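K.L.:
Can you keep this structure in mind? I'll have questions shortly.
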Amino acid sequence: MSSVMLSPKKFFRTPEGKLGVEWADSSRECVDLIKLRLACPCALCVDENTGERIVKREQIPENLKLESLLSVGRYAVGFIWSDGHKTGIYPYPLLKELTKTP
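This is the structure in structure tokens:
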């Protein structure tokens, strides 16, 4: 898949409260916020040496909200969460994978 097709055109909130993404190829997919937060690839959430996930499900509040999102160059997006977390950078291929898996 070309990198142009992996570029998000628009982000939106679904009626269920999920994060929706409209991709450059016009496909629309969504992901649950807790799933997205648990997949954070930053060093606070994943051990840099072992690759072991540090953040656990029980550490994520049930009422988690997405406060804002930030474009990171032309290759990724960062999220600011209501639990105070803001260091994760989600490359578009990772975001695409998360939005298309149940």
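So for the sequence shown, the working numbering puts the first residue at 1073; every next one is plus one. Ideal Cβ positions, reconstructed from N, Cα and C, are used throughout, including at glycine. Note that the structure is predicted; figures quoted are calculated from it, not measured.
#1: Pair every Cβ in the region 1105 to 1114 with every Cβ in the region 1158 to 1173, then say whether three or more of these pairs are closer than 8 Å.
#2: Let me check understanding here. Comparing Cα to Cα, which of Ser1099, Val1103 and Ala1096 lies closest to Thr1211?
#3: For Glu1169, name the three-state secondary structure that DSSP assigns.
#4: Runs of 4 residues minimum, wholly inside the region 1094 to 1159: which ones carry the alpha helix (DSSP H) assignment?
#5: Which whole-angstrom value is the C-beta distance of Trp1153 and Glu1139, which I expect to be below 8 Å?
#6: What's the gap between the Cα of Glu1088 and the Cα of Tyr1147?
#7: Tell me which same chain residues have a C-beta within less than 6 Å of the C-beta of Glu1094, skipping the five on either side of it?
P.N.:
Concretely, from the data shown:
#1: With a cut-off of 8 Å, the region 1158 to 1173 and the region 1105 to 1114 count as touching, because enough Cβ pairs lie within range.
#2: Nothing can be reported for residue 1211: it is not among the residues displayed for the chain, which extend from 1073 to 1174.
#3: helix
#4: 1105 to 1110
#5: 6 Å
#6: 27 Å
#7: Lys1081, Lys1082 and Arg1100
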